[in-house]
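J.:
Number of protein chains: 2
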Amino acid sequence: MLHSFSGLLTDLYELTMAAGYLETGMEAEATFELFVRHLPRKRNYIVVAGIEHALTYLEHVQFTPEEVDYLRRQPVFRHVSQRFFDWLLAFRFHGDVWAMPEGTVAFAGEPLLRVTAPIAEAQLVETYLLAAVHLETLVASKAARVVTAAAGRPVVEFGSRRAHGIEAGVRAARAAYLAGCAGTSNVWAGFRFGIPVFGTLAHSWVMAHPSESEAFRRFLQVFPEAATLLVDTYDARRAIERLIAEGEKPTGIRLDSGNLLRDSRWARHRLRQAGWEDVRIFASGDLDEYRIARLLAAGAEIDAFGVGTALATSSDAPALGAIYKLVEVRRGGRVRNAAKFSPAKATFPGRKQVYRFRDAAGQFREDLIALADEPAPAAEALLVEMFRAGRRMCPPEPLETARERCRQQLQALPARLRRIDRRAAYPVRHSPRLRKLFERLRRGLR
Amino acid sequence: MLHSFSGLLTDLYELTMAAGYLETGMEAEATFELFVRHLPRKRNYIVVAGIEHALTYLEHVQFTPEEVDYLRRQPVFRHVSQRFFDWLLAFRFHGDVWAMPEGTVAFAGEPLLRVTAPIAEAQLVETYLLAAVHLETLVASKAARVVTAAAGRPVVEFGSRRAHGIEAGVRAARAAYLAGCAGTSNVWAGFRFGIPVFGTLAHSWVMAHPSESEAFRRFLQVFPEAATLLVDTYDARRAIERLIAEGEKPTGIRLDSGNLLRDSRWARHRLRQAGWEDVRIFASGDLDEYRIARLLAAGAEIDAFGVGTALATSSDAPALGAIYKLVEVRRGGRVRNAAKFSPAKATFPGRKQVYRFRDAAGQFREDLIALADEPAPAAEALLVEMFRAGRRMCPPEPLETARERCRQQLQALPARLRRIDRRAAYPVRHSPRLRKLFERLRRGLR
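In order, the protein sequence lines correspond to chains P and Z. Here the working numbering is used: position 193 in the first sequence is 193, and no number is missing along the way. Position in the second sequence counted from 1, then plus 446, gives you the working numbering.
1. Assuming the contact rule is C-beta atoms closer than 8 angstroms, residue 388/Z and residue 601/Z should be a hit. Round their C-beta distance to whole Å, please.
2. Considering residue 557/Z, what are the terminal residues of the alpha helix (DSSP H) in which it resides?
3. Quick one: which unbroken beta strand (DSSP E) runs of 3-plus residues sit fully inside the stretch 647-727 of chain Z? Chain order, please.
4. Our contact map puts residue 725/Z next to residue 699/Z with C-beta atoms below 8 angstroms; I'd like the distance itself, whole angstroms only.
5. Which residues of the stretch 343-369 of chain P have a Cβ closer than 8 angstroms to any Cβ of chain Z? Give them in chain order.
6. Measuring only the C-alpha atoms, how far is residue 448/Z from residue 516/Z?
7. Around the Cβ of residue 649/Z, are there at least 16 other Cβ atoms within 10 angstroms (buried) or fewer (exposed)?
8. CB-CB under 7 angstroms to residue 694/Z, same chain, minus the five flanking residues each way: which ones, in chain order?
9. Report the partner residues of residue 115/P according to the DSSP bridge assignment.
10. Whose C-alpha, out of 763/Z, 818/Z, 823/Z and 678/Z, is nearest the C-alpha of residue 910/Z?
11. Keeping to the same chain, check which residues put their C-beta closer than 7 angstroms to that of residue 457/Z; ignore five residues upstream and five downstream.
12. In angstroms with no decimal places, state the Cα-to-Cα distance between residue 632/Z and residue 604/Z.
13. Which residues in the same chain as residue 897/Z place their Cβ atom closer than 7 angstroms to its Cβ, once the five residues preceding and following it in sequence are excluded?
14. Mind checking whether residue 162/P and residue 50/P have CB atoms under 8 angstroms apart?
15. How many angstroms separate the CA atom of residue 483/Z from the CA atom of residue 503/Z?
16. Look up residue 67/P in the DSSP assignment and give the residues it is bridged to.
17. In whole angstroms, what is the alpha-carbon distance linking residue 102/P and residue 880/Z?
18. So what's residue 594/Z in DSSP terms, helix, strand or just coil?
19. What do you get for residue 850/Z, buried or exposed, if any count of 16 or more other CB atoms within 10 angstroms of its CB means buried?
20. Who are the neighbours of residue 764/Z on chain P, taking C-beta pairs under 7 angstroms?
21. Taking Cβ-Cβ distances shorter than 8 angstroms, what residues in chain Z pair up with residue 386/P?
22. Grab me the residues of residue 892/Z's own chain with a C-beta within less than 6 angstroms of its C-beta, minus the 5 sequence neighbours each way, in chain order.
23. Does the stretch 584-592 of chain Z touch the stretch 613-627 of chain Z, meaning 3 or more C-beta pairs lie closer than 8 angstroms?
24. If the cut is a Cβ gap below 9 angstroms, which residues of chain Z does residue 269/P touch?
25. Going along the chain, which residues of its own chain have a beta-carbon closer than 6 angstroms to the beta-carbon of residue 506/Z, five neighbours each way excluded?
26. Does the beta-carbon of residue 332/P have 16 or more other beta-carbons within 10 angstroms, so that it is buried, or is it exposed?
27. Compare the C-beta of residue 705/Z with all C-beta atoms of chain P and state if any pair is closer than 8 angstroms.
28. Would you check if the distance between the CB atom of residue 124/P and the CB atom of residue 20/P is smaller than 8 angstroms?
29. Starting from residue 51/P and walking both ways along the alpha helix (DSSP H), at which residues does that stretch end?
30. State buried or exposed for residue 224/P, treating a residue as buried only when at least 16 other CB atoms are found within 10 Å of its CB.
31. Report the three-state DSSP secondary structure of residue 374/P (helix, strand or coil).
32. Less than 8 angstroms separating the beta-carbons of residue 327/P and residue 35/P?
33. Give the interface partners of residue 710/Z over in chain P, defined as CB-CB distance under 8 angstroms, in chain order.
34. If we ignore side chains and look at the alpha-carbon of each, how far apart do residue 383/P and residue 420/P end up?
35. According to DSSP, is residue 322/P helix, strand or coil?
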């Protein structure tokens, strides 16, 4: 129903400004940078995601005649000339894009994506780029914490039903996998992105049968090799005792409620006694990184976790302060840098690059934000050219590549930053030239 | 990119259970009810939304051959017979649906939507129905609070960039309008749903011009009748003084940062002195119902509000405990009611209806949840027949009708429940027959 490449997937002011630029003959090339201004209190880093989704939109964005007619009928455009509507009908994105590859670990203030294009074009795509990068980065950043808390045990993303709509569920599944989850319950995400999918049965399967015993027996009959039985519909311990007594050995059992610590320890004990050491114990039910960490610290006997709502909605920080700011305007051969100076909302001017310095062991030491045309230091440049003049410079990257990048970067992140329970800051410096430019512009304003 | 009617937009366990029902010859008709188990701490009621979206999915859901092939390749389905894949290829939703019309004010535990269908069908659509109803109900419920706080002043939904992806932004725009917002910045939502769209210019417009003065002049030239000028890019007071000095009268001014209380009062004072009483003052920037209420209580001079992130993500309660529970199974003429009994997660059995009793003044007095086949009391039945045997029983309702319903219901809600700052409970009773059935089933289990 939603035409995902529509140019109307934007805020109205992007279109009024575009009309304004065209009507006043402002033929400038503008650079905007997308970044997260401040991290939420409970985040020490972000995991960049949603870039591929954003680029796909830029490749395909356009307006249908019907959509342009709709705009023509809006009172706000009453005095705007036909030229604007013709421009919309012919609209394609012709700009340059540099971005951090997905799976990059990044910090507040660092440009994650940089667009240089005719100003009206660069402006028009703001809303979609933010929406795409914000959601997936939000969920990937949360997922990295959940995966960290699980300390090597697989985490499956289960949040599609409580994500903010089914598309958010699909995107959350992808972001969670990218950041280290073992897979998802969302089948469309599996189909579309090749993510492993997991899931066996719900309480309703058990409730629909005359008895739990018959429900289990029938399920095992259809799925003899892949049955993780949900044992807590009525009484988890009685269900496990019955399985053992009846010799109906499942692949795993799932606890979705109750006292996961006590029940998992009891279950492991009984399963061992029965000689079922290989029956895996899977836990779910309102889990997040904090609860997982507490369960494991207390000695819970859990082999894998399903995490839903908290992961797919990033419930303890459901938004990042992601913004898309004008940093440069080129017009008739002249370059003007743009910045904001209010203390809470300062933004640095100029096209930028982010460099990452590592120590001898490969651990991240510090990042440097510098002007893109400064001599590059001997460090990794995080922003990579993705589009030149509206054409992709590299094919879409396999999701596994991004996932592996994320895994390696999280390993290289100093341990204090990986902790889920404590605030820690990572050093991000601005280059002297960048600081000088900022100060010069500020003084110029006064 | 997202095929919105794909049957794969579901959790894997819905498909394994469907395969299980088919393979074991479970030819039953099942009834599931969708409801919110508990309200978040800061919600006294919910506003039902997303029903129309859910029904549209039910009308169109199907599987492509490519999608079915994908499932066939999944190891979990290795032992499943061809019958299941043929069933998927022919899949259509043939069930009955009763639901509360959008805009209905509802409470925890009340079925918002009830599906009766062959069990595998009813199960398969669970994830999508939850995702659709959850998101829009979540945002509509938040929007009702924001609109209440604004006390008659228009509120415009501005959250597309921070909503959980652009589709969530479109859905949030619709839900917010339904619950009383005056409109949205999301143009696609305007195009698709006929919602009024708002927006004029961003800081980037000002920053792209050599001076703020020139930026304003050019914008007024293109939009002489519809220019709300954003005045806080550099210094809001200086910008307002300059507009007055230059005689460049806009339709309105927008404050997006700084001290909204002091600046709005100062701005009103200066605009009045200039004889510009009709220049409206619009405020935005990290607003929510709490901040709006505080601003107005303190005497802020604000005529309209733009609310973004907090509204589109329902940031103080980014999820509702929405669930979809099996309540009845009919098989070979026999009816079995299904319920859960664990104290924290009890669900009542049987197909239900919700009745609303009002006092003489039309205010809501209490709701009664009863079995659908009980004699109806003299009260409004909230669940309405939407689908019979897979066919819609009524055409889609105009969004304005749902919006007006919401407006009337919020007026009829006791004032203590409408308050944004205090928890208040509304009486929801269960009928004696329903309680008796629940107790009978519970005893039967022991």
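From the three backbone atoms N, C-alpha and C, an ideal C-beta is built for every residue, glycine too. Being a predicted model, the structure only gives us computed values, none of them experimental.
T.: Judging by the given coordinates:
1. No answer is possible for residue 388/Z: it lies beyond the span of chain Z, which begins at 447 and ends at 892.
2. No alpha helix (DSSP H) holds residue 557/Z; DSSP gives it neither H nor E.
3. 674-676 and 698-701
4. 6 angstroms
5. Answer in chain order: 344 and 345.
6. For residue 448/Z, the predicted structure reports a pLDDT of 48, less than 50, and the residue's modelled location is therefore unreliable. A value from the coordinates is still provided. Between residue 448/Z and residue 516/Z, the C-alpha separation is close to 16 angstroms.
7. buried
8. Within the same chain, 662, 663 and 666 come within 7 angstroms of residue 694/Z by CB-CB distance, once the 5 residues on both sides are set aside.
9. 32/P and 97/P
10. Outside the shown range of chain Z, which is 447 to 892, sits residue 910/Z, and nothing can be said about it.
11. 573
12. 7 angstroms
13. One cannot answer for residue 897/Z here, as it falls past the ends of chain Z, which runs 447 to 892.
14. no
15. 24 angstroms
16. For residue 67/P, which the question treats as bridged, DSSP gives no partner whatsoever.
17. 53 angstroms
18. helix
19. exposed
20. 313, 315 and 318
21. Result: empty, since nearest Cβ-Cβ is about 18 angstroms, beyond 8 angstroms.
22. Note on residue 892/Z: pLDDT 48, under 50, position unreliable in the model; the coordinate value appears next. Closer than 6 angstroms at the Cβ level, and outside the excluded window around residue 892/Z, lies no residue.
23. yes
24. What residue 269/P touches in chain Z: nothing, since even the nearest Cβ is about 22 angstroms away.
25. Once the five neighbours on either side are set aside, the close Cβ partners of residue 506/Z are 451.
26. Label assigned to residue 332/P: exposed.
27. Interface with chain P (8 angstroms Cβ-Cβ cutoff): residue 705/Z is excluded.
28. Their beta carbons are not under 8 angstroms apart, which means residue 124/P does not touch residue 20/P by this criterion.
29. 51-60
30. exposed
31. DSSP places residue 374/P in coil when its eight states are reduced to three.
32. no
33. Result: empty, since nearest Cβ-Cβ is about 17 angstroms, beyond 8 angstroms.
34. 27 angstroms
35. strand
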